[in-house]
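K.L.:
There are 2 protein chains.
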Amino acid sequence: MKRVAIGIDIGGTNTAIGVVDSEGNVLYERKPQMATPQKSENPHMTQALSDSILNKYVANLTEEIKTAIAMVKQINSELEVMGIGIGAPNANYYSGTIEYPPNLPFVGVVNFASLIEKNFPEFKFVKLTNDANAAALGEMIYGGGKGMKNFAMMTLGTGLGSGLIVNGDLVYGSDGFAGECGHTTVVPDGRVCGCGGRGHLEAYCSATGIKRTVFELLAKYNDSASPLANVPLNEMTSKIVFDAAEKGDPIAKEVFEITGELLGRALADTVHYLSPEAIFLFGGAAAAGDYIFKPTKASMERHVLPVFRNKVKILQSELKESSAAIVGASALIWKEIEKSKS
Amino acid sequence: MKRVAIGIDIGGTNTAIGVVDSEGNVLYERKPQMATPQKSENPHMTQALSDSILNKYVANLTEEIKTAIAMVKQINSELEVMGIGIGAPNANYYSGTIEYPPNLPFVGVVNFASLIEKNFPEFKFVKLTNDANAAALGEMIYGGGKGMKNFAMMTLGTGLGSGLIVNGDLVYGSDGFAGECGHTTVVPDGRVCGCGGRGHLEAYCSATGIKRTVFELLAKYNDSASPLANVPLNEMTSKIVFDAAEKGDPIAKEVFEITGELLGRALADTVHYLSPEAIFLFGGAAAAGDYIFKPTKASMERHVLPVFRNKVKILQSELKESSAAIVGASALIWKEIEKSKS
Numbered sequence: 003m004k005r006v007a008i009g010i011d012i013g014g015t016n017t018a019i020g021v022v023d024s025e026g027n028v029l030y031e032r033k034p035q036m037a038t039p040q041k042s043e044n045p046h047m048t049q050a051l052s053d054s055i056l057n058k059y060v061a062n063l064t065e066e067i068k069t070a071i072a073m074v075k076q077i078n079s080e081l082e083v084m085g086i087g088i089g090a091p092n093a094n095y096y097s098g099t100i101e102y103p104p105n106l107p108f109v110g111v112v113n114f115a116s117l118i119e120k121n122f123p124e125f126k127f128v129k130l131t132n133d134a135n136a137a138a139l140g141e142m143i144y145g146g147g148k149g150m151k152n153f154a155m156m157t158l159g160t161g162l163g164s165g166l167i168v169n170g171d172l173v174y175g176s177d178g179f180a181g182e183c184g185h186t187t188v189v190p191d192g193r194v195c196g197c198g199g200r201g202h203l204e205a206y207c208s209a210t211g212i213k214r215t216v217f218e219l220l221a222k223y224n225d226s227a228s229p230l231a232n233v234p235l236n237e238m239t240s241k242i243v244f245d246a247a248e249k250g251d252p253i254a255k256e257v258f259e260i261t262g263e264l265l266g267r268a269l270a271d272t273v274h275y276l277s278p279e280a281i282f283l284f285g286g287a288a289a290a291g292d293y294i295f296k297p298t299k300a301s302m303e304r305h306v307l308p309v310f311r312n313k314v315k316i317l318q319s320e321l322k323e324s325s326a327a328i329v330g331a332s333a334l335i336w337k338e339i340e341k342s343k344s
Numbered sequence: 003m004k005r006v007a008i009g010i011d012i013g014g015t016n017t018a019i020g021v022v023d024s025e026g027n028v029l030y031e032r033k034p035q036m037a038t039p040q041k042s043e044n045p046h047m048t049q050a051l052s053d054s055i056l057n058k059y060v061a062n063l064t065e066e067i068k069t070a071i072a073m074v075k076q077i078n079s080e081l082e083v084m085g086i087g088i089g090a091p092n093a094n095y096y097s098g099t100i101e102y103p104p105n106l107p108f109v110g111v112v113n114f115a116s117l118i119e120k121n122f123p124e125f126k127f128v129k130l131t132n133d134a135n136a137a138a139l140g141e142m143i144y145g146g147g148k149g150m151k152n153f154a155m156m157t158l159g160t161g162l163g164s165g166l167i168v169n170g171d172l173v174y175g176s177d178g179f180a181g182e183c184g185h186t187t188v189v190p191d192g193r194v195c196g197c198g199g200r201g202h203l204e205a206y207c208s209a210t211g212i213k214r215t216v217f218e219l220l221a222k223y224n225d226s227a228s229p230l231a232n233v234p235l236n237e238m239t240s241k242i243v244f245d246a247a248e249k250g251d252p253i254a255k256e257v258f259e260i261t262g263e264l265l266g267r268a269l270a271d272t273v274h275y276l277s278p279e280a281i282f283l284f285g286g287a288a289a290a291g292d293y294i295f296k297p298t299k300a301s302m303e304r305h306v307l308p309v310f311r312n313k314v315k316i317l318q319s320e321l322k323e324s325s326a327a328i329v330g331a332s333a334l335i336w337k338e339i340e341k342s343k344s
């Protein structure tokens with residue numbers, strides 16, 4: 003009997019749902035993705051309203067999961083569903099809760115895993131963690147981290163997430179929220195971060211951070227010849243910066259140099275903490291290839307103690323951008339199965 | 003039969019040797035400490051010379067270990083010696099080697115554990131790690147970290163060492179050298195660190211860093227009324243700064259404020275990486291009590307994400323300064339025994 007796991011990724015806009023086998027193949031994915039309920043503009047969000055939105059969302063999600071299972075069983079009725087892995091913002095692995103999510107319309111602490119579990123008593127595992135932790139597990143179980151006992155995963159998206167693997171396990175820490183490297187300080191009193199803090203790694207080396215650096219340099223040089231000078235903030239992407247660099251635009255190149263310098267210094271800190279075998283970069287910003295990898299690697303090497311020099315690989319994630327979220331979430335289940343055996 | 007472990011701490015000047023029981027009581031300690039061979043001023047250190055110094059040192063150490071065992075067996079002939087734990091600079095737990103130690107007269111990579119092991123084939127465990135890792139194990143097995151699965155230990159001495167406990171185990175990383183938080187960057191392009199890097203935590207928040215901040219402020223204010231103005235660099239200690247603060251000296255107080263601000267920000271990074279239950283501070287600088295703990299705690303809380311706020315304790319190490327080195331080293335052995343059982 004072939005074993006599969008459900009992978010769910012709760013994003014601020016959409017919720018991805020898929021069925022994944024133990025090799026990381028996506029057997030089914032709901033297309034288009036399901037809408038995630040939106041945070042009300044109403045400042046008087048009440049507990050009752052939050053509960054009602056939540057219950058409706060859980061009911062819809064339950065139906066979608068049942069549909070997903072039915073769809074894959076049509077193809078192969080012998081499939082055994084092992085559990086449901088969920089990636090969500092502010093998700094606590096230990097308690098299965100989503101806590102004070104800034105971009106979801108839920109008040110306080112929500113017992114999300116147990117709400118789902120109630121509707122699927124036949125599954126042994128319903129597990130929750132944040133999307134970057136899920137991506138790290140995905141990398142370990144299906145991707146380039148196979149066989150590695152110590153590595154770090156950095157997801158360079160709108161934010162900068164991270165998942166840390168130590169001794170073959172994801173680091174959840176004492177409260178379930180470890181691995182928030184995006185909010186370590188790289189520039190004291192620097193840019194305001196999305197979290198309200200100052201100078202965080204995320205404010206510089208996420209896709210958003212790259213965009214901000216573009217505008218900093220456009221302000222500095224006032225270079226009307228740069229192709230970047232024709233793009234407004236709300237339309238700027240890492241891909242546009244990459245294309246400009248490919249055309250030889252000096253501003254685009256400097257953006258990647260600055261980003262790599264800061265990211266490399268931050269990764270040197272990661273090395274000093276954890277001495278990982280490799281650090282994987284994932285996401286649109288990592289797709290810029292040598293433009294970002296070269297300065298990052300050079301900076302990391304320059305900032306590590308001699309004992310770590312030329313030991314730590316910086317690698318492109320082997321997870322596919324399109325399916326990483328559900329594949330990563332499903333990896334939670336294979337990891338639970340592995341743990342339950344040992 | 004009562005079980006004991008040998009604890010050895012190889013410092014740049016002296017080597018401490020002791021016998022410790024499973025509760026952390028020191029049953030015997032060599033006094034005065036044995037001299038550690040000194041790095042020759044001769045720039046033409048050869049492999050042959052290194053080998054000869056090493057062999058003599060290992061022979062002497064072996065005799066001292068035998069003496070230590072004989073001494074405790076005189077008191078209680080029923081003692082069973084479980085192994086030898088060694089704290090040493092640039093020590094690699096996995097391979098039992100000391101690698102390129104900057105302050106020891108050994109060239110290259112030295113198979114230290116196996117040299118000792120050869121002389122004590124009757125012991126199951128001869129293990130090596132650096133002193134800060136050993137201190138973290140000591141805290142976990144005998145001190146305030148008992149029962150904690152996730153915590154960090156920061157040793158504020160001449161340097162700033164750290165040992166990280168994740169899921170109940172010390173983090174050694176892929177190569178055995180993890181936990182070098184002292185060399186993470188807190189002030190980009192800041193002070194030159196002992197390692198040659200710039201702006202490292204160690205350059206600001208170790209005892210040496212505190213001393214440097216004193217001289218920075220003396221330069222800034224040229225305050226002849228400060229008691230610190232009468233002390234040369236080579237005589238300045240954290241204790242002298244503490245005493246000056248107790249007398250109300252504004253420079254001494256500002257030194258601790260600055261140190262705490264930077265240390266707290268660095269510990270916020272530690273929290274974002276690992277979400278520890280507590281962070282222990284050890285060493286002379288930590289003895290300044292509220293002068294250092296208050297600004298450190300305030301800064302850490304200001305720099306962590308809301309999800310971590312008021313969750314992580316900053317605690318004084320419960321290890322005694324005088325015996326922590328050998329007690330920590332001996333903890334390596336109790337940890338090995340624990341691992342061998344599971």
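Heads up: the protein sequence lines correspond to chains X and Y, in order.
Residue numbering for the first sequence is 3 to 344, as defined by my numbering.
Residue numbering for the second sequence is 3 to 344, as defined by my numbering.
Glycine is no exception: its CB is placed at the ideal position from the N, C-alpha and C atoms.
Touching or not, the segment 276-295 of chain X and the segment 108-119 of chain X, by the rule of three or more beta carbon pairs under 8 Å?
P.N.:
The segment 276-295 of chain X, when compared against the segment 108-119 of chain X, does not touch it at the 8 Å Cβ threshold.
K.L.:
State the Cα-Cα distance for the pair I19/Y and H305/X, rounded to the nearest angstrom.
P.N.:
Rounded to whole angstroms, I19/Y to H305/X spans 35 Å at the Cα level.
K.L.:
Taking the alpha-carbon of T210/Y as reference, which of A288/Y, A37/Y, V111/Y, D191/Y has the nearest alpha-carbon?
P.N.:
Nearest C-alpha to T210/Y: A288/Y.
K.L.:
Taking DSSP as the reference, what is the three-state secondary structure of K126/X?
P.N.:
Three-state result, K126/X: coil.
K.L.:
From V171/X to V112/X, what distance separates their C-alpha atoms?
P.N.:
A small fix is needed here, since residue 171/X is Asp in this sequence, not Val. Each residue's alpha carbon lies about 25 Å from the other.
K.L.:
Rounded to the nearest angstrom, what separates E259/X and V314/X at their Cα positions?
P.N.:
Distance between the alpha carbons of E259/X and V314/X: 20 Å.
K.L.:
What does the Cβ neighbour count give for H46/X, buried or exposed, with the cut at 16 atoms within 10 Å?
P.N.:
Under this definition H46/X is an exposed residue.
K.L.:
Consider the Cβ of M47/Y: report whether some Cβ of chain X lies at a distance smaller than 9 Å.
P.N.:
Not closer than 9 Å to any Cβ of chain X, the Cβ of M47/Y fails to qualify, so no.
K.L.:
Counting beta carbon pairs with one atom in the segment 262-275 of chain X and one in the segment 288-303 of chain X, are three or more of them shorter than 8 Å?
P.N.:
Judged by Cβ distances under 8 Å, the segment 288-303 of chain X makes contact with the segment 262-275 of chain X, as three or more pairs qualify.
K.L.:
Using a cut-off of 9 Å between C-beta atoms, extract the partners of Y275/X located in chain Y.
P.N.:
Those within 9 Å of Y275/X in chain Y are S164, L166, V173, G175, A180, G181, E182, C183, T186, D271, T272, Y275, L276.
K.L.:
Use the C-beta contact count for N94/X: other C-beta atoms within 10 angstroms, 16 or more gives buried, fewer gives exposed.
P.N.:
Looking at its Cβ environment, which holds 16 or more other Cβ atoms inside 10 Å, N94/X is buried.
K.L.:
Counting only runs of 4+ residues fully inside the segment 60-90 of chain X, write out the alpha helix (DSSP H) ranges in chain order.
P.N.:
Qualifying alpha helix (DSSP H) stretches: none in this window.
K.L.:
Can you check the segment 203-227 of chain X for any beta strand (DSSP E) of at least 3 residues that lies completely inside it and give the ranges in chain order?
P.N.:
The qualifying runs do not exist here; there are none.
K.L.:
What are the boundary residues of the beta strand (DSSP E) that includes R5/Y?
P.N.:
Counting along the chain, the beta strand (DSSP E) containing R5/Y begins and ends at 5-12.
K.L.:
Does DSSP classify D2/X as helix, strand or coil?
P.N.:
Outside the displayed range of chain X (3 to 344) lies residue 2/X, so it cannot be described from this structure.
K.L.:
Quick check: what's the CA-CA separation for A231/Y versus A254/Y?
P.N.:
So the alpha carbons of these two residues sit roughly 11 Å apart.
K.L.:
What's the gap between the Cα of M84/Y and the Cα of T38/Y?
P.N.:
Between M84/Y and T38/Y, the C-alpha separation is close to 25 Å.
K.L.:
S24/Y to V6/Y, Cα distance in whole Å?
P.N.:
If you take the alpha carbons of S24/Y and V6/Y, they lie about 6 Å apart.
K.L.:
Using the C-alpha atoms, what's the distance from E303/X back to N105/Y?
P.N.:
Cα to Cα, the separation comes out at about 23 Å.
K.L.:
I'd like to know if the segment 133-143 of chain Y and the segment 319-335 of chain Y are in contact, where contact means that at least 3 CB-CB pairs between them fall below 8 Å.
P.N.:
Segments in contact, yes.
K.L.:
Less than 8 Å between C-beta atoms, sequence neighbours within five positions excluded: which residues of the same chain meet that for D177/Y?
P.N.:
Closer than 8 Å at the Cβ level, and outside the excluded window around D177/Y, lie N94, Y96.
K.L.:
From the DSSP output, read off the bridge partner residues of Q318/X.
P.N.:
Looking at the DSSP assignment, Q318/X forms a beta bridge with L283/X.
K.L.:
For a contact meaning CB atoms closer than 9 Å, what does N78/X contact in chain C?
P.N.:
Of the protein chains in this structure, namely X and Y, none is chain C.
K.L.:
Of all the options M36/Y, F179/Y, T15/Y, which has the alpha carbon lying nearest to the alpha carbon of S277/X?
P.N.:
The shortest Cα separation from S277/X among M36/Y, F179/Y, T15/Y belongs to F179/Y.
K.L.:
With distance defined between alpha-carbon atoms, name the residue in D245/X, C197/X, S342/X, Y275/X nearest to Y102/X.
P.N.:
Comparing Cα positions, the closest option is C197/X.
K.L.:
State the Cα-Cα distance for the pair D133/X and Q318/X, rounded to the nearest angstrom.
P.N.:
Straight-line Cα distance between these residues: approximately 17 Å.
K.L.:
Ordered along the chain, which non-local residues of its own chain (more than five positions away) have a Cβ less than 6 Å from that of A333/X?
P.N.:
Excluding residues within five positions, the ones whose Cβ falls inside 6 Å are L139, G140, I143.
K.L.:
Quick check on this structure: which residue in N135/Y, N27/Y, F122/Y, K41/Y has the alpha carbon closest to the alpha carbon of T64/Y?
P.N.:
Closest option to T64/Y, Cα to Cα, is F122/Y.
K.L.:
Among all the DSSP beta bridges, which residues are the ones paired with G165/X?
P.N.:
M155/X.
K.L.:
What residue from G199/X, A205/X, V243/X has the CA that sits closest to L220/X's CA?
P.N.:
Closest by alpha carbon: V243/X.
K.L.:
Show which residues of chain Y have a CB atom less than 7 Å away from the CB atom of Y313/X.
P.N.:
A small fix is needed here, since residue 313/X is Lys in this sequence, not Tyr. By Cβ distance, chain Y contributes D177.
K.L.:
State yes or no: is the C-beta of G192/X within less than 9 Å of the C-beta of Y174/X?
P.N.:
No, Cβ-Cβ distance for G192/X and Y174/X is not below 9 Å.
K.L.:
Given that a residue counts as buried once 16 or more other Cβ atoms are within 10 Å of its Cβ, and exposed if not, what is L321/X?
P.N.:
Burial call: buried.
K.L.:
Which chain Y residues sit within Cβ distance under 8 Å of R267/X?
P.N.:
Those within 8 Å of R267/X in chain Y are T187, P190.
K.L.:
What's the C-alpha gap between L162/X and L203/X?
P.N.:
One C-alpha to the other measures close to 7 Å.
K.L.:
Just the chain X side, please: which residues come within less than 8 Å of K151/Y by C-beta, in chain order?
P.N.:
Result: S176.
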